[in-house]
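Quick note on the working numbering: the sequence shown kicks off at -19 and runs consecutively.
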Amino acid sequence: MKLILLGPPGAGKGTQATRLVEKFGIPQLSTGDMLRAAVKAGTPVGLRAKAVMDAGGLVSDEIVVGIIADRVLEPDARNGFILDGFPRTVAQARALDELLARTGMKLDAIIELKVDEKALLARIENRARETIAAGGTVRADDNPEAFKVRLEQYRAQTAPVSAYYASRGSLKTVDGMASIEAVTRAIDSILAG
Ligand code: AMP
-19 MKLILLGPPG
-9 AGKGTQATRL
1 VEKFGIPQLS
11 TGDMLRAAVK
21 AGTPVGLRAK
31 AVMDAGGLVS
41 DEIVVGIIAD
51 RVLEPDARNG
61 FILDGFPRTV
71 AQARALDELL
81 ARTGMKLDAI
91 IELKVDEKAL
101 LARIENRARE
111 TIAAGGTVRA
121 DDNPEAFKVR
131 LEQYRAQTAP
141 VSAYYASRGS
151 LKTVDGMASI
161 EAVTRAIDSI
171 LAG
């Protein structure tokens, strides 16, 4: 099972991806998680990405495409993967097409979680509260200033990715305002169909 989860920050991609990981035994490939790990480890990629990420901007296509190109070839991704947070630009979507063609891989589904923008900031703030309650560290970009930039980036750069897949007839849409359980059921039924 190879699939892409699309949607704005706070749409619930990570939550649903975690459930799909359990169901299908395939890894969640979150470019955000991988970049945060690189920042934490102080790698050259992390050093280049940190300031942009903290401000809510997008890391260069070249960096994220390179990360994904390596990651999908890891042994644990042989039976499939869930792309979460990638592709985020049309250039990334094109690069992914090339990568899939080159490696003989095919996507099974591209699913977009549609969420009312007005609900997103509250969800991000809630995520920060839950992280604190669990004793974790709040993401540097889970604050209203960076969130505003992330949403702008989403509108300008990532919404066209949905249009890119929709124009090929391969985009499925799920109501991300529904409960977590209902969203999971809607995704399950797309994947079963
Ligand atoms: P996320 O965890 O998906 O919300 O990503 C957190 C941050 O990592 C984003 O705001 C970007 O700065 C960066 N990032 C993650 N994925 C990508 C991507 N595909 N392209 C560019 N930047 C990304």
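Ideal placement from N, C-alpha and C gives every residue a C-beta, glycine not left out.
### Task
Specify the secondary structure class of T69 as computed by DSSP and reduced to three states.
Position 89 of the sequence shown, counted from the start, is the residue given in the question as residue 69. Here T69 sits in coil by DSSP.
### Query
V39: which of M157, S159, Y134 sits nearest, CA to CA?
Locating residue 39 in the sequence shown gives position 59, where the first residue counts as 1. Ranking the options by Cα distance to V39, first place goes to Y134.
### Task
Kindly list the residues whose CB is nearer than 8 Å to the CB of V154, restricted to its own chain and excluding five residues on each side of it in sequence; keep chain order.
Counted from its first residue, the sequence shown places residue 154 at position 174. By the criterion of a C-beta distance shorter than 8 Å, V154 is surrounded in its chain by I91, E92, L93, K94, V163, A166, I167, I170, once the five residues flanking it on both sides are discounted.
### Task
Tell me, please, which residues DSSP counts as bridged to E92.
Here residue 92 refers to the residue found at position 112 when the sequence shown is read from its first residue. In DSSP, E92 forms a bridge with L(-14), T153.
### Cβ neighbour criterion (16 or more within 10 Å) applied to T83
Taking the first residue of the sequence shown as 1, we reach residue 83 at position 103. That one is exposed.
#### Entry: Host beta strand (DSSP E) of A9 (start-end)
By 1-based counting over the sequence shown, the position of residue 9 is 29. A quick correction: the sequence has Leu, not Ala, at residue 9. Segment 8 to 10, the beta strand (DSSP E) holding L9.
### Three-way DSSP call (helix, strand, coil) for D121 in this model
Walking along the sequence shown from the start, residue 121 turns up at place 141. Correct three-state label for D121: coil.
### Task
Confirm the yes/no value for this check: CB of P(-11), any heavy atom of ligand 1, distance under 6 Å.
Locating residue -11 in the sequence shown gives position 9, counting from the first residue. Result yes, Cβ under 6 Å from ligand 1.
### Query
Taking 6 Å as the line, does the beta carbon of R165 fall inside it for any heavy atom of ligand 1?
What you label residue 165 is simply residue 185 of the sequence shown in a count that begins at 1. No; taking the cut-off as 6 Å, the Cβ of R165 has no heavy atom of ligand 1 nearer than that.
### Message
My output table needs one value for L38: the three-state DSSP class, helix, strand or coil.
### Response
Indexing the sequence shown from 1 puts residue 38 at position 58. Coil, per DSSP.
#### Entry: Which residues DSSP lists as bridging L63, in chain order
The residue you call residue 63 lines up with position 83 of the sequence shown. Per DSSP, I(-16), L9.
### Task
Starting from S169, trace the alpha helix (DSSP H) both ways and give me its first and last residue.
As a first step, residue 169 must be located in the sequence shown, where it is residue number 189. Where S169 is concerned, the enclosing alpha helix (DSSP H) stretches over 160 to 172.
### Query
Would you say the beta carbon of M14 comes nearer than 6 Å to a heavy atom of ligand 1?
Taking the sequence shown and counting its residues from 1, one reaches residue 14 at position 34. No.
#### Entry: Cβ neighbour criterion (16 or more within 10 Å) applied to L76
For the purposes of this step, residue 76 is identified with residue 96 of the sequence shown, where counting begins at 1. So L76 ends up on the buried side.
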